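Counting with UniProt numbering, you get residues 1 to 440 for the letters of the sequence shown. Positions of the beta carbon are idealized from the N, C-alpha and C atoms, including for glycine. No experiment lies behind these values; they were computed from the predicted model shown. Let me begin by presenting the structure, written as structure tokens, before commenting on it.
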Amino acid sequence: MADPTPSMLLDKGDTAYVLVCVTFVFLMAPALGFFYAGLARAKNALSLMYLTVLSVAVVSFQWYLIGYSLTFSNTGGVFIGDSAHFLLRGVGELPQIASHTIPASAFMIFQAMFACLTPALAFGSAAERMSLGPAMLFIFVWTTLVYDIITYWVWSPNGWLAVMGVMDYAGGITVHISSGLAAVAYAVVLGKRRDYNQNVNTPHNVSFVFLGMALLWFGWFAFNAGSALGANARSVNSLIDTHLSGCVGAIVWVLMDYRHTRKWSIIGLCTGAVAGLATITPGSGFVSPSSSLAFGALGSIVCNLAVQYKHKYRFDDALDVFAVHYIGGLVGLLLTGIFAQRSIIALGYPDDTPWDSLPKGGWLDGHWMQVPIQLAAIGSVSAWSFVVTYIILIVINLTPFLRLRLNDEDELIGTDWAEMGERAYGYLPFEEEQLGQNCS
């Protein structure tokens, strides 16, 4: 009997599973738009929705042109991929090297959704004072110089962090660490909102926050479980871990807020759920459901404390991107180094796979070097993301007609009306009325 051709190795069930996950992960971008819009003031709501969908459009184009090749070409060095797959050249029905049961094209579009979401996360820190004009350029350049390079380090078999043995199952480093430090750089370059010392942190539409959280949670199932690249036991374990961590994160955050305010906050519930989901992202394919409870609890506690310290030290990260995503990703990566188990990893491999050929676990399996490896990855990626993002922003800001920050009058009016000529609601905000803006 002849040996099977590569295309005969493809599994229709696994391929269909990954494609369904693609559609669910795509939903996370508009979900983030609702989440961010609800947390912001009414006069800036549409701009945040705009930025999340703009990120999808620009990054998808970048991914087609150069991004996928720079991130996942198999012939690159230890730092960055090459031009082998520019314009998706050679990306067709042949099996993807990371999973021989799905075509490379399915893997490509699944990973594109991760890339689309990441810069959208970073914009939350700059909300209510960033100009929309430079956004397209920033998204394209940032994805190329920050996201693609970091993701190559971590997920390409040739990347130096992958060779070192870093564990990041679904984006703790590539998505949450990179976007969290990019958010800090954006906030530092822009400075505080002009009315930051006034009461500017009241969400204008809690229903939007709840809707966004619910859709994010829904998409997160596919975000994490889909990273198994097949309908197998490891994907099921990842989904269970994801759900449990989100649940525990929500409960712990609500209890911490109640301790201070004596109120049961739905904003706290939603933020805690997102913190728990972000924390489990790097470990969901490496740890057991029992361990995921620690991810949700510790992630929520540390992220909640980070939000408190942000207010104490008057740092204007408008929508808590650093506190929830960077800190959540950091905690999750360290806990992965502790709780990762080879028996969980084996769930995604054929039964006849030699035990010694599987990736090592963490401290639970006696692999004491895993936490130092995770720390090295966190430090290097944090430095790269912050420094390169800062340089990108400074260069853009020095470019004629690409001012990053709104002027004082436009900031007072709100980004929606000042830069888009549209508003989320039909009534006239007080600030616009005071400035005598014509809304007809």
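Nonlocal neighbours in the same chain, by C-beta distance under 7 Å from residue i, ignoring five residues either side
i	result
Leu-293	Leu-244, Val-248
Val-274	Met-213, Leu-216, Val-324
His-367	Lys-360, Gly-361
Glu-422	Leu-46, Asp-416
Ser-83	Ser-69
Asn-44	Ala-127, Glu-128, Gly-414, Thr-415, Asp-416
Ile-266	Val-206, Phe-210
Nearest candidate by alpha-carbon position, reference residue i, set the options
i	options	result
Val-189	Ala-222, Asp-14, Val-395	Val-395
Ile-80	Asp-168, Ser-385, Ala-182, Trp-160	Trp-160
Leu-70	Gln-111, Arg-193, Tyr-50	Gln-111
His-201	Ala-297, Glu-419, Val-20, Ala-37	Here the sequence assigns Asn to residue 201, which means His is not the residue at that position. Considering only alpha carbons, the answer is Ala-37.
Ile-139	Thr-118, Gly-124, Trp-153	Thr-118
Ala-222	Leu-10, Leu-9, Thr-23	Thr-23
Ala-135	Val-53, Ala-84, Ala-340	Val-53
Ser-207	Val-381, Asp-410, Ala-40, Glu-409	Ala-40
Leu-9	Asn-74, Gln-96, Leu-27, Val-91	Gln-96
Lys-312	Gly-332, Gly-337, Asn-197	Asn-197
residue 504	Thr-151, Ser-227, Arg-194, Gly-92	Because the chain is modelled from 1 through 440, residue 504 falls outside the range shown and cannot be assessed.
Pro-30	Phe-295, Asp-14, Ala-57, Thr-336	Ala-57
Asp-408	Ser-73, Gly-92, Met-130	Met-130
Ser-235	Ser-73, Val-287, His-100, Gln-370	Val-287
Ala-318	Ser-99, Arg-193, Met-108	Arg-193
Identity of the residues DSSP links to residue i by a beta bridge
i	result
residue 449	In the structure as shown, the chain starts at 1 and stops at 440, and residue 449 therefore has no counterpart that could be examined.
Any chain C beta carbon closer than 8 Å to residue i
i	result
Trp-384	The displayed structure is made up of one protein chain only, and chain C is not part of it.
Inter-residue CB distance, residue i and residue j (contact presumed, cutoff 8 Å)
i	j	result
Ala-115	Thr-143	6 Å
Ala-418	Leu-406	7 Å
Ile-47	Thr-415	Before going further, note that residue 47 is Ser rather than Ile in the sequence given. Yes, Ser-47 and Thr-415 are in contact; Cβ-Cβ is about 4 Å, under 8 Å.
Ser-238	Ser-284	4 Å
Ser-382	Leu-181	5 Å
Tyr-169	Pro-282	6 Å
Ala-122	Ser-179	5 Å
Gly-299	Thr-271	Between Thr-271 and Gly-299 the Cβ distance is about 11 Å, and since that is not below 8 Å, they are no contact.
Ser-385	Ile-177	7 Å
Ile-373	Gly-165	5 Å
Contacting residues, own chain, Cβ-Cβ under 8 Å from residue i (five flanking each side not counted)
i	result
Leu-393	Phe-138, Ala-185, Tyr-186, Val-189, Leu-404
Asp-365	Ala-340, Gln-341, Arg-342
Ala-162	Trp-153, Val-154, Trp-155, Ser-156
Leu-32	Thr-52, Leu-117, Ala-120, Leu-121, Gly-212, Leu-216
Ile-102	Leu-10, Asp-11, Asp-14, Thr-15, Val-18, Pro-95, Gln-96, Leu-229, Gly-230
Spatial neighbours of residue i in its chain, beta-carbon cut-off 6 Å, leaving aside the 5 residues before and after
i	result
Ala-306	Ala-323, Ile-327
Leu-269	Ala-250, Val-254
Leu-277	Trp-220, Gly-246
Cys-303	Ala-275, Ala-323, Val-324, Ile-327, Gly-328
Val-20	none
Tyr-17	Ala-231
Trp-363	Ile-338
Met-256	Asn-304
residue 441	Any question about residue 441 goes unanswered here, given that the chain covers just 1 to 440.
Ile-66	Phe-86
Quiz item: Considering only residues of the region 42 to 102, which uninterrupted alpha helix (DSSP H) runs meet the minimum length of 4 residues and lie entirely inside it, listed in chain order?
Solution: 45 to 62, 68 to 72
Exercise. Note down, one range per segment and in chain order, each alpha helix (DSSP H) of at least 4 residues found wholly within the region 108 to 184.
Key: Runs of the alpha helix (DSSP H) inside the region 108 to 184: 135 to 142, 148 to 155, 160 to 164.
Practice problem: Could I get the ranges of all uninterrupted alpha helix (DSSP H) runs contained in the region 215 to 275, with 4 residues as the minimum, in chain order? | Solution: 233 to 261
Practice problem: Within the region 308 to 358, note down every full alpha helix (DSSP H) run reaching 4 residues or more, in order along the chain. | Solution: 327 to 339, 342 to 345
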